[in-house]
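Engineer: Got a structure for you, written out below as structure tokens; questions coming shortly.
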Amino acid sequence: MSTHIIIKLVTTEISKAMKAKQGGLILLLVGILLVSPNVYSQSLRGAALNKLKKEAINKVLGTEQNEQQQPQEDPYQETENTGRPGQRAGSSKGLEKSSKDVSLSLNEAANAFSGSNYKKTRAGLTEALGNLDLMIGDKILQSFPSSVEGLAVLAENDQIASSSASWAGLIIKREYQLGDKWFSFSVMNSALAAFANAAINTGMYTYSNQPSQKTVEIAGNQAIITFDESSGYKINLSLGQQTQILIEGVNIASEAELTQMAKAFDYAFIKKMFGEN
């Protein structure tokens, strides 16, 4: 006889006993469910049998609940009962910028080298390179105009990111916007840019009566301009060996307008900062 049939018979007897107010019989029948799992089936073990017993008892005692409608608690999820408040936006200043400059990092590396602490020496030199990138990036960012063809700068979106220890290198980005017109100017200086610049400088593009990309020249620098109906205009400009400029424009009226906006930046200064002669 299956376990489910036996439990059904036992719960039926419990119901009859409850109606007859035979408390002793109720306890006896419930006890059978609780202490004799091996009577029913050797195949049921642990949690599976406990679940069946719980369902039977809940059904008899009128405490049956729809478990599918009861969301299971996540022990790792914070609740209102934990007493821990949630982080309120704007309540904390966040991380402070590093106060170290290039000279200080180099001095620390030199002192570590004198003491034969080569691990700390490498860390100091890496930090010095990172701080140097940030200094260069800040000077380049300051050379960017505060507005471009009527589009105001989104200063809160300014980005300077350095990863001197990898191929990503240094990235500087600024955005401008007026209504639904958006323009961004990004500078990347890294070994990766050399590969992209090679494609630009060779003049590789698709020839078509309706071209999606073509070569242009901006401030004496070779570039490729592309257009996509969903994302707008993009210009990839080669600036020396390891520096590339990415210019993006959304809802810009024409190619001529975008290239005019691109001329608002000091490319000679950027080349000088990176030694791209």
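Numbering (my numbering) for the sequence shown: 1468 to 1744.
Heads up, the beta-carbon is just placed ideally off N, CA and C, and yes, glycines get one too.
With three or more beta-carbon pairs closer than 8 Å as the criterion, would you say the stretch 1624-1631 touches the stretch 1598-1608?
Structural biologist: The stretch 1624-1631, when compared against the stretch 1598-1608, does touch it at the 8 Å Cβ threshold.
Engineer: Quick one: which unbroken alpha helix (DSSP H) runs of 4-plus residues sit fully inside the stretch 1702-1739? Chain order, please.
Structural biologist: Counting only runs of 4 or more, we get 1722-1729.
Engineer: Taking the C-alpha atoms as reference points, what is the distance between Q1644 and E1724?
Structural biologist: So the two alpha carbons sit approximately 14 Å from each other.
Engineer: Give the range of the alpha helix (DSSP H) segment to which R1589 is assigned.
Structural biologist: Where R1589 is concerned, the enclosing alpha helix (DSSP H) stretches over Y1585 to S1610.
Engineer: Among D1625, E1594, A1619 and G1617, whose alpha-carbon lies nearest the alpha-carbon of V1609?
Structural biologist: The question names Val, but residue 1609 in the sequence shown is Gln. The candidate whose alpha carbon is nearest that of Q1609 is D1625.
Engineer: Measuring straight from C-alpha to C-alpha, what distance separates F1736 and T1726?
Structural biologist: Whole-angstrom Cα-Cα distance: 19 Å.
Engineer: Take the Cβ of Q1709 as the centre, count every other Cβ of all protein chains shown within 10 Å, and call the residue buried at 16 or more, exposed below.
Structural biologist: Its Cβ being crowded by 16 or more others within 10 Å, Q1709 is buried.
Engineer: Output the distance between the C-alpha atoms of G1699 and L1713, rounded to the nearest integer angstrom.
Structural biologist: When rounded, the distance between both Cα atoms is 13 Å.
Engineer: Measure the CB-CB distance between N1703 and A1690 and report whether it falls below 8 Å.
Structural biologist: Against a cut-off of 8 Å, the Cβ pair of A1690 and N1703 comes out as a contact.
Engineer: Measure the alpha-carbon distance for K1606 versus K1738 and round it to whole angstroms.
Structural biologist: Roughly 12 Å separates the two Cα atoms.
Engineer: Would you report the Cα separation of A1590 and A1576, rounded to the nearest angstrom?
Structural biologist: Taking the straight line joining both Cα atoms gives about 7 Å.
Engineer: Would you grab the beta carbon distance between F1650 and G1716 for me? Rounded to a whole angstrom, and I think it's under 8 Å.
Structural biologist: Yes, they are in contact, since the Cβ atoms of F1650 and G1716 sit about 5 Å apart, within 8 Å.
Engineer: Taking only the alpha-carbon atoms, compute the straight-line gap between I1719 and L1573 and give it to the nearest angstrom.
Structural biologist: Near 46 Å, if we compare the C-alpha coordinates of L1573 and I1719.
Engineer: Taking just the CA atoms, how far does G1553 sit from Y1507?
Structural biologist: Because Y1507 carries a pLDDT of 42, less than 50, the predicted location of this residue cannot be relied on, and no value is offered for it.
Engineer: With distance defined between alpha-carbon atoms, name the residue in G1742, A1658 and V1620 nearest to G1636.
Structural biologist: The residue with the shortest Cα to Cα distance from G1636 is A1658.
Engineer: Please report the straight-line C-alpha distance between Q1680 and T1593, rounded to a whole angstrom.
Structural biologist: Between Q1680 and T1593, the C-alpha separation is close to 39 Å.
Engineer: Kindly identify the DSSP beta-bridge partner or partners of R1641.
Structural biologist: BP columns for R1641 point to F1652.
Engineer: Pick out whichever of K1730, S1705, N1578 and I1639 has its Cα sitting closest to the Cα of N1744.
Structural biologist: Answer by Cα proximity: S1705.
Engineer: Can you tell me whether K1640 is buried or exposed? The criterion is at least 16 other CB atoms within 10 Å of its CB, across all chains shown.
Structural biologist: Answer is buried; the Cβ neighbour count reaches 16.
Engineer: From G1615 to N1688, what does the alpha carbon distance come to, in whole angstroms?
Structural biologist: Reading the sequence as shown, one finds Val at residue 1615 and not Gly. Those two C-alpha atoms are separated by around 19 Å.
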